[in-house]
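Asker:
Protein chains: 2
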Amino acid sequence: MTARLLSGTELAASVRADTTSRVAAAAAAGRVPRLTVVTATADEASAWYVRSIARAAKRTGIDCVVVDLGPQAAPSEIHERLAESSADPDVHGLMLQTPLPVGTSLAEAAQFIDPAKDVDGAAPASLGRLVAGLPAFAPATAAAVVALLDHHEVPLAGREVAIVGRSTVVGKPLAQLLLARDATVTLCHSRTRDLPAVTGRAEIVVAAVGRAGLLTSAHIRPGAVVVDVGTNPAEDGGLLGDVAPEVSEQAGALSPVPGGVGPVTTALLLRHAVEAAGW
Amino acid sequence: MTARLLSGTELAASVRADTTSRVAAAAAAGRVPRLTVVTATADEASAWYVRSIARAAKRTGIDCVVVDLGPQAAPSEIHERLAESSADPDVHGLMLQTPLPVGTSLAEAAQFIDPAKDVDGAAPASLGRLVAGLPAFAPATAAAVVALLDHHEVPLAGREVAIVGRSTVVGKPLAQLLLARDATVTLCHSRTRDLPAVTGRAEIVVAAVGRAGLLTSAHIRPGAVVVDVGTNPAEDGGLLGDVAPEVSEQAGALSPVPGGVGPVTTALLLRHAVEAAGW
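Each protein sequence line maps, in turn, to chains L and Y.
One point on numbering: in our numbering, the residue at position 226 of the first sequence is 239, and numbering is uninterrupted.
One point on numbering: in our numbering, the residue at position 120 of the second sequence is 133, and numbering is uninterrupted.
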């Protein structure tokens, strides 16, 4: 058996097309949505991702401003910059890129992002609204997983989903989104005792750990749907997922890396920016 | 086999004793912590619970003010009253009792509770801080489950826990607390397809649904730890848990209703009030 490919390319293109036409309509009325990305790292993968956001924003007509505070930025500098952009009426969407300098906590810093502009759902207030079932921006990656499954018509209600990775950026908010869709959700992590047993009984497995090839066919029950969220740098400069290539022989469907969740994430981030502008 | 009883009585008494001595110390310095409970219902069980909080508060020396807005209260009335108490420096702890009048959403209303006074962890901001790992008051019932398991030395790290019930008041915040303690957590609910299969593989099962006797021995694996959070009114005026009595023959340990999580919840609520006062 070879897994059906859950590509994100087509969905990302259709989200981008919709965003582009909304931005064009706003521009015709003299308004341009602005997305501010605050970054404070020398990390190569992060820089690559920020450049790809900026490029994609430009193509859709969104004004993307990258504020690079450098890897030595103090927490207070980052906090102030986020507070400033939160208060600036010309900034519609605001995100803080990770990783952050040692000594800066994402949770602490994200409190300075206005939830109304929090297009990557990082602020504790946004996470709380998600838990409470109030309207909120979900982290773009978590939203992309659900959007990708919907696009490929994978039913969620009543199904058993195992999420591997309990980060505040992906695992925990994704659990909220899937619960809201009536899935039975298990959150696994590095301290889970028998990971193959836990993931092996799930109908849908989402890998969001950040370790190349962590999930092998021993972790996946035949025919399961596997969503790979991992983006680990490969030696050749490419990307490796958290799911080992052999899993494609075992799974019923598999979202690839690259070309799965990634492009959808960027597309949703830009859609969020236009939604944040209210246009 | 008969299950070991995970009584909450002893733990509740010890938490109350600690709170009482902290309140006495504050009172000696002329300060009395105040807990304001806003209620807007004619529900009998709710009225009973509020009276028991008020009684327990009085015994520990906390000034408990019950604001009864009546079952006809409009959302705006409830919101205003919460905002007022949030702004009042003489109010240290503030909670909104459920159920609420039809048309009032707990999530919407709880936004008017200052997170610093939110002793029952209902505000979306408190829930978000919990998810993000920032200091926050957890809902007292969710905190009581973990405290009870700790008191009876039930290890959590690496263990499989199934929570039945995905409410914002218990199930979802409890999942966050258990994840922070390195448990592998599954959230089940009314749409879970094969509940006995899911709960039957867990080492710890928490029932927080609100349906008397929903969990039978078919749901519990022999020797598992079972925590009953249900408080369903019985015909004789007493309380029935979500766990059927027969489970005590199957489980390795069981927290009873009444006398398990309930008294610990009230005790923690009062401790939260003293912590909110900062004394």
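Ideal Cβ positions, reconstructed from N, Cα and C, are used throughout, including at glycine.
Would you mind telling me which residues of chain L sit closer than 8 Å to Y:Asp195, beta carbon to beta carbon, in chain order?
Answerer: The answer, in chain order, is His202, Arg204.
Asker: For L:Lys185, go through chain B and note every residue whose CB falls closer than 8 Å to its CB, in chain order.
Answerer: Structure shown: chain B not included; protein chains present are L and Y.
Asker: Looking at C-alpha atoms only, which residue of Y:Gln263, Y:Gly171, Y:Gly272, Y:Ala289 is the closest neighbour of Y:Gly252?
Answerer: The residue asked about is misnamed: residue 252 of chain Y is Leu in this sequence, not Gly. Nearest option by C-alpha distance: Y:Gly272.
Asker: Have a look at L:Cys77 and Y:Ala231 and give me their C-alpha separation to the nearest angstrom.
Answerer: Going by the C-alpha atoms only, they are around 57 Å apart.
Asker: By DSSP, does Y:Ile91 sit in helix, in strand, or in coil?
Answerer: Residue state, collapsed to three classes: helix.
Asker: Checking the sheet assignment: what are the DSSP bridge partners for L:Asp131?
Answerer: In the DSSP output, where bridge partners are listed per residue, L:Asp131 has none listed.
Asker: Establish whether the CB of L:Ala170 and some CB of chain Y are separated by less than 7 Å.
Answerer: At least one chain Y Cβ lies under 7 Å of L:Ala170.
Asker: If I measure Cβ to Cβ from Y:Ala280 and keep anything under 6 Å in the same chain, skipping five residues before and after, which residues do I get?
Answerer: Counting only Cβ-Cβ distances below 6 Å, and skipping sequence neighbours, we find Ala25, Val28, Arg29.
Asker: What residues match up with Y:Arg47 in a beta bridge as DSSP calls it?
Answerer: Y:Asp76, per the DSSP bridge assignment.
Asker: Tell me which same chain residues have a C-beta within less than 8 Å of the C-beta of L:Leu82, skipping the five on either side of it?
Answerer: Correct list, in chain order: Val51, Thr52, Ala53, Glu90, Ile91, Arg94.
Asker: Please decide whether Y:Ala138 counts as near chain L, where near means a Cβ-Cβ distance under 7 Å.
Answerer: Closer than 7 Å: yes.
Asker: Looking at chain L, is there any beta carbon in it that lies within less than 7 Å of the beta carbon of Y:Ala155?
Answerer: So no, Y:Ala155 is outside the interface.
Asker: Report yes or no: do the segment 172–190 of chain L and the segment 217–235 of chain L share at least 3 C-beta pairs separated by less than 8 Å?
Answerer: Counting Cβ pairs under 8 Å, three or more are found: they touch.
Asker: Just to confirm, are L:Lys130 and Y:Val144 a CB contact at a threshold of 7 Å?
Answerer: No, these two residues do not count as a Cβ contact at 7 Å.
Asker: Measure the alpha-carbon distance for L:Val260 versus Y:Ala237 and round it to whole angstroms.
Answerer: Approximately 33 Å, taken between the alpha carbons.
Asker: So if DSSP puts L:Ser268 in a beta bridge, which residue, or which two residues, is it bridged to?
Answerer: In the DSSP output, where bridge partners are listed per residue, L:Ser268 has L:Val240.
Asker: For a test of the three-state rule: what should DSSP assign to L:Glu166, helix, strand or coil?
Answerer: Looking at L:Glu166 - three-state DSSP - the assignment turns out to be coil, as it is neither helix nor strand.
Asker: Our contact map puts L:Val198 next to L:Ala210 with C-beta atoms below 8 Å; I'd like the distance itself, whole angstroms only.
Answerer: In fact, because the Cβ distance is near 17 Å, the residues do not count as touching under 8 Å.
Asker: Locate the alpha helix (DSSP H) running through L:Leu200, then write down its first and last residues.
Answerer: L:Leu200 -> not in any alpha helix (DSSP H); beta strand (DSSP E) instead, spanning 197–201.
Asker: Since Y:Ala275 is in the alpha helix (DSSP H), which residue starts that stretch and which ends it?
Answerer: The question names Ala, but residue 275 of chain Y in the sequence shown is Gly. Per DSSP, Y:Gly275 belongs to the alpha helix (DSSP H) from 274–290.
Asker: Reducing DSSP to helix, strand and coil, say where Y:Leu190 ends up.
Answerer: Helix, per DSSP.
Asker: So the alpha helix (DSSP H) L:Val144 belongs to, where does it begin and stop?
Answerer: 137–145 is the extent of the alpha helix (DSSP H) around L:Val144.
Asker: Can you find the residues in the same chain that come closer than 6 Å, C-beta to C-beta, to Y:Leu267, ignoring five residues on each side of it along the sequence?
Answerer: Around Y:Leu267: Ala16, Val239, Ser261.
Asker: For L:Val218 versus L:Ala175, is the C-beta distance shorter than 7 Å?
Answerer: Yes.
Asker: Would you call L:Gly254 buried or exposed, if buried means 16 or more other Cβ atoms sit within 10 Å of its Cβ?
Answerer: Classification for L:Gly254: buried.
Asker: What residues in the segment 92–125 of chain Y bring their beta carbon closer than 9 Å to a beta carbon of chain L?
Answerer: Listed by position, the residues of the segment 92–125 of chain Y near chain L (Cβ gap below 9 Å) are Ser118, Leu119, Ala120, Glu121, Ala123, Gln124.
Asker: Which residue wins for smallest C-alpha separation from Y:Ala290, given the options Y:Ile75, Y:Leu228, Y:Thr22, Y:Val63?
Answerer: Of the candidates Y:Ile75, Y:Leu228, Y:Thr22, Y:Val63, the one whose C-alpha sits nearest the C-alpha of Y:Ala290 is Y:Ile75.
Asker: By how many angstroms is the C-alpha of Y:Ser59 removed from the C-alpha of Y:Ser65?
Answerer: So the alpha carbons of these two residues sit roughly 10 Å apart.
Asker: Can you give me the start and stop residues for the alpha helix (DSSP H) that Y:Glu23 sits inside?
Answerer: First-last of the alpha helix (DSSP H) with Y:Glu23: 22–41.
Asker: Taking the alpha carbon of L:Glu173 as the reference point, which residue from Y:His202, Y:Gly146, Y:Ala193 has its own alpha carbon closest?
Answerer: The residue with the shortest Cα to Cα distance from L:Glu173 is Y:His202.
Asker: Using a C-beta cutoff of 7 Å, does Y:Val198 count as contacting chain L?
Answerer: Closer than 7 Å to some Cβ of chain L, the Cβ of Y:Val198 qualifies, so yes.
Asker: Which residue wins for smallest C-alpha separation from L:Trp292, given the options L:Thr22, L:Leu18, L:Ala40?
Answerer: Of the candidates L:Thr22, L:Leu18, L:Ala40, the one whose C-alpha sits nearest the C-alpha of L:Trp292 is L:Ala40.
Asker: Please identify the residue among Y:Pro114, Y:Pro258, Y:Leu169 whose C-alpha is closest to the C-alpha of Y:Leu227.
Answerer: Per the Cα distances, Y:Pro258.
Asker: Rounded to the nearest angstrom, what separates L:Pro88 and L:Val79 at their Cα positions?
Answerer: Going by the C-alpha atoms only, they are around 18 Å apart.
Asker: Measuring alpha carbon to alpha carbon, tell me which of L:Leu18, L:Gly21, L:Ala70, L:Thr49 ends up nearest L:Ala100.
Answerer: Comparing Cα positions, the closest option is L:Thr49.
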